[in-house]
Amino acid sequence: MSDILIIGGSSGIGLATAQQLLAQGANVTATFNSKNTDQAPGVNFFHLDVMDQNASMDFIPESLDGLVYCPGSINLRPFERIKPADFERDYHLQVVGAIRIIQAALPALRKSGNASILLFSTVAVRSGLPFHSLVSASKGAIEGLCVSLAAEFAPKVRVNCIAPSLTETPLAAQLINTEQKKELNAARHPMKRIGSPADIANMATFLLSPQASWITGQVLHVDGGMSAIR
Ligand SMILES: NC(=O)c1ccc[n+]([C@@H]2O[C@H](COP(=O)([O-])OP(=O)(O)OC[C@H]3O[C@@H](n4cnc5c(N)ncnc54)[C@H](OP(=O)(O)O)[C@@H]3O)[C@@H](O)[C@H]2O)c1
Numbered sequence: 013m014s015d016i017l018i019i020g021g022s023s024g025i026g027l028a029t030a031q032q033l034l035a036q037g038a039n040v041t042a043t044f045n046s047k048n049t050d051q052a053p054g055v056n057f058f059h060l061d062v063m064d065q066n067a068s069m070d071f072i073p074e075s076l077d078g079l080v081y082c083p084g085s086i087n088l089r090p091f092e093r094i095k096p097a098d099f100e101r102d103y104h105l106q107v108v109g110a111i112r113i114i115q116a117a118l119p120a121l122r123k124s125g126n127a128s129i130l131l132f133s134t135v136a137v138r139s140g141l142p143f144h145s146l147v148s149a150s151k152g153a154i155e156g157l158c159v160s161l162a163a164e165f166a167p168k169v170r171v172n173c174i175a176p177s178l179t180e181t182p183l184a185a186q187l188i189n190t191e192q193k194k195e196l197n198a199a200r201h202p203m204k205r206i207g208s209p210a211d212i213a214n215m216a217t218f219l220l221s222p223q224a225s226w227i228t229g230q231v232l233h234v235d236g237g238m239s240a241i242r
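Just so we're aligned: the sequence shown equals residues 13 to 242 in the numbering used here.
Dropping the structure here:
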């Protein structure tokens with residue numbers, strides 16, 4: 013039975029991943045920040061705010077087969093309206109937070125025979141989209157971190173990244189809070205729909221599994237064709 017830690021397992025993609033892993037028989041430890049959840053009974057939840065540099069990491073299990081880092085943002089604004097401090101805050105949430113938890117969890121991951129780390133990017137790193145500079149700057153760093161750590165940790169620990177397009181989660185709520193917005197966004201995708209948390213969790217659970225043991229240093233685009241098809 014595998015032991016998986018999900019940072020941000022209380023919502024959206026992290027919650028769907030936790031639910032799928034539980035159904036597969038994994039031991040799942042997860043964190044929440046603002047909302048505890050009863051949507052994944054069986055998951056061992058702990059509070060963590062990754063913006064708190066003094067937060068305890070005592071919840072990290074002794075041995076781990078997988079670490080998933082979900083905290084992210086989608087603040088879409090014209091570049092001129094974004095302050096340098098906004099970029100710093102976003103970088104802290106998405107990149108420094110991931111770095112701190114990876115450093116803390118590495119000893120536990122190194123005890124496993126099939127350990128892997130899973131990070132999240134966005135379709136907007138590969139496909140330039142207006143008003144995405146804030147999120148793309150941090151997610152571009154995440155993709156660089158993914159490939160670098162995959163090189164450094166091989167062959168003991170695999171590191172991969174999923175780059176989703178618009179997925180129906182609380183994080184994306186503002187972009188899809190009317191039927192019209194949903195339809196317009198669905199139409200922009202070659203597959204003519206927006207993603208579901210399960211679409212992304214399907215890839216996440218595969219990448220964490222032994223079936224993916226020869227896959228590392230990859231950015232997997234799960235985006236309804238957005239990044240590849242015109
Ligand atoms: N949804 C999309 O359209 C989309 C598209 C491209 C990329 N992504 C990426 O996919 C990942 C997952 O996104 P999602 O849509 O599933 O987001 P979500 O529904 O907002 O879930 C994010 C999770 O991270 C936790 N979290 C947020 N801020 C935190 C903090 N300061 N400290 C600790 N935990 C924190 C949340 O906890 P609480 O809920 O308890 O506060 C929640 O469990 C993100 O990295 C996002 O950038 C999403």
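Yeah, the Cβ is synthetic: ideal placement off N, Cα and C, and Gly gets one too.
Predicted model, so just to flag it, every value in this text is computed and none were measured.
Counting only the same chain and skipping the five closest in sequence on each side, list residues whose C-beta sits under 6 Å from that of residue i.
{"i": "Met203", "result": "Gly236, Gly237"}
{"i": "His233", "result": "Ala175, Ser239"}
{"i": "Gln31", "result": "Ala52"}
{"i": "Ala42", "result": "Ile18, Gly21, Ala30, Val55, Phe57"}
Say the cut is 6 Å; is the CB of residue i nearer than that to a heavy atom of ligand 1?
{"i": "Ser150", "result": "no"}
{"i": "Pro202", "result": "no"}
{"i": "Asn45", "result": "yes"}
{"i": "Gly84", "result": "yes"}
{"i": "Gly236", "result": "no"}
{"i": "Asp61", "result": "yes"}
{"i": "Leu232", "result": "no"}
{"i": "Thr41", "result": "no"}
{"i": "Gly156", "result": "no"}
{"i": "Glu182", "result": "Checking the sequence shown, residue 182 turns out to be Pro, not Glu. Under cutoff, so the answer is yes."}
{"i": "Ser23", "result": "yes"}
{"i": "Gly78", "result": "no"}
Can you find the residues in the same chain that come closer than 8 Å, C-beta to C-beta, to residue i, ignoring five residues on each side of it along the sequence?
{"i": "Asn197", "result": "Leu178, Leu187, Ile188, Ile206"}
{"i": "Ala136", "result": "His144, Val147, Ser148, Lys151"}
Looking at the unbroken alpha helix (DSSP H) that takes in residue i, where does it start and where does it end?
{"i": "Ile154", "result": "145 to 165"}
{"i": "Ala210", "result": "209 to 220"}
Tell me, to the nearest whole angstrom, how far the beta carbon of residue i is from that of residue j; I am working on the premise that it is less than 8 Å.
{"i": "Val147", "j": "Ser46", "result": "The Cβ separation is near 19 Å, so there is no contact."}
{"i": "Arg170", "j": "Thr228", "result": "4 Å"}
{"i": "Met69", "j": "His104", "result": "In fact, because the Cβ distance is near 16 Å, the residues do not count as touching under 8 Å."}
State the start and end residues of the unbroken beta strand (DSSP E) segment that holds residue i.
{"i": "Ile206", "result": "Note, Ile206: premise wrong, no beta strand (DSSP E); not H, not E."}
{"i": "Ile16", "result": "15 to 19"}
**OP:** Pick out the complete alpha helix (DSSP H) segments inside the segment 71 to 141, 4 residues or longer, and give them in chain order.
**Re:** You should have 96 to 103, 109 to 121, 135 to 138.
**OP:** Kindly provide the ranges of any alpha helix (DSSP H) runs that are 4 or more residues long and lie completely inside the segment 161 to 196, ordered along the chain.
**Re:** Counting whole runs of 4 or more residues, the segment 161 to 196 contains no alpha helix (DSSP H) stretch at all.
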